[in-house]
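J.: Before we start, here is the structure in question, set down as structure tokens.
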């Protein structure tokens, strides 16, 4: 397999169960415009089950994938992408991951994700078509309709939803993995591959190269911002002491 050959990359992901809902040429064209990566939480980073009042977890393979995705973007564009989590609940693990990995922001208790998208585009001066959105369920569809690049996480229990998404052109790619199978890692690897620098990204990371150190220093200089949308409007989230 050639890491630089988009058709080889497409074939490898299809072999693993992934499905391109838009032609590869369209996916690549949309990817070229992306400045922000937005992820739903429940059902995307995990299986969606709530173990207790602390929220639902994340996996280290998905966390590593996201870090490499951001580094790949840095290598390609010379700057960091925006990274956001939008969740309909108060998920403490999402806050923990965002702090550790220095994401741009987290939106908690958001019932209307279109409001979060509008807040992102206004606050960070980007357009909706510059947002890549990874999602899994019905409350995400309004945002998926507006976002530039859409990845839906597979779940075998909702075949009718799958048909609705495909029929209404609400996703460009459907993962082979379900949320509990590190679907975020799959999305990350796909985008790195189609960025055309998978080999370089991994070699620089495993050698802890000067450019990786520069990326890491810039990444770690940021602290995430927190917002919440329990009232419908998006406002600042004040973390309890």
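Residue numbers (the working numbering): 1 to 241.
Backbone N, C-alpha and C fix where the C-beta goes; we use that ideal spot for every residue, glycine too.
With a threshold of 6 angstroms on Cβ separation, who are the neighbours of residue 222 within its own chain once the five nearest residues in sequence on each side are excluded?
T.: Same-chain partners within the cutoff: 102.
J.: What would DSSP say about residue 85, mapped onto helix, strand or coil?
T.: DSSP places residue 85 in strand when its eight states are reduced to three.
J.: For the beta strand (DSSP E) that residue 121 lies in, which residues bound it at each end?
T.: Taken as a continuous stretch (DSSP letters only), residue 121 belongs to no beta strand (DSSP E), being part of the alpha helix (DSSP H) at 113-123.
J.: Give a yes or no on contact between the region 92-100 and the region 143-153, applying the rule of three or more CB pairs nearer than 8 angstroms.
T.: These segments do not touch.
J.: With a floor of 4 residues, list each alpha helix (DSSP H) that falls wholly inside the region 200-230, ordered by position along the chain.
T.: Complete alpha helix (DSSP H) runs here, min 4: 210-220.
J.: Ordered along the chain, which non-local residues of its own chain (more than five positions away) have a Cβ less than 7 angstroms from that of residue 35?
T.: Within the same chain, residue 35 has close Cβ partners 81, 82, 126, 130.
J.: Which residues in the same chain have their Cβ closer than 7 angstroms to the Cβ of residue 220, if we skip the five residues on either side of it in sequence?
T.: Within the same chain, residue 220 has close Cβ partners 102.
J.: Between 157, 133, 156, 164, which has its C-alpha nearest residue 27's C-alpha?
T.: The candidate whose alpha carbon is nearest that of residue 27 is 133.
J.: Could you name each continuous beta strand (DSSP E) segment of 3 residues or more that falls completely within the region 117-161, going from the start of the chain to the end?
T.: If we require 3 residues or more, the beta strand (DSSP E) runs fully inside the region 117-161 come out as 131-135, 149-152.
J.: In the DSSP output, which residue or residues are listed as bridge partners for residue 108?
T.: In the DSSP output, where bridge partners are listed per residue, residue 108 has 228.
J.: Starting from residue 26 and walking both ways along the alpha helix (DSSP H), at which residues does that stretch end?
T.: First-last of the alpha helix (DSSP H) with residue 26: 24-32.
J.: Among 74, 85, 236, which residue has its Cα nearest to the Cα of residue 37?
T.: Here the closest residue by C-alpha is 85.
J.: Cβ atoms of residue 75 and residue 180: under 8 angstroms apart, would you say?
T.: The answer is no: Cβ separation not under 8 angstroms.
J.: Do residue 21 and residue 171 count as a contact pair if the criterion is CB distance below 8 angstroms?
T.: For residue 171 and residue 21, yes; Cβs fall inside 8 angstroms.
J.: By alpha-carbon positions, which one of 61, 70, 11 ends up nearest to residue 214?
T.: Taking only the C-alpha atoms, the option nearest residue 214 is 70.
J.: Going by DSSP, which residues form a beta bridge with residue 20?
T.: In the DSSP output, where bridge partners are listed per residue, residue 20 has 173.
J.: For residue 195 and residue 73, I'd like the C-alpha separation in whole angstroms.
T.: Going from the Cα of residue 195 to the Cα of residue 73 covers about 8 angstroms.
J.: Taking the beta carbon of residue 78 as the centre, do at least 16 other beta carbons fall within 10 Å, making it buried, or is it exposed?
T.: The residue is exposed, with fewer than 16 neighbouring Cβ atoms inside 10 Å.
J.: Which one of 114, 197, 138, 156 has the shortest CA to CA distance from residue 146?
T.: Ranking the options by Cα distance to residue 146, first place goes to 114.
J.: Run through the DSSP bridge pairs and tell me what residue 187 is partnered with.
T.: For residue 187, which the question treats as bridged, DSSP gives no partner whatsoever.
J.: Considering residue 42, what are the terminal residues of the alpha helix (DSSP H) in which it resides?
T.: Taken as a continuous stretch (DSSP letters only), residue 42 belongs to no alpha helix (DSSP H), as it is neither H nor E.
J.: Please tell me whether residue 139 and residue 237 are closer than 8 angstroms, where the distance is taken between their beta carbons.
T.: For residue 139 and residue 237, no; Cβs fall outside 8 angstroms.
J.: What's the C-alpha gap between residue 192 and residue 68?
T.: Spanning the two alpha carbons is a distance of roughly 8 angstroms.
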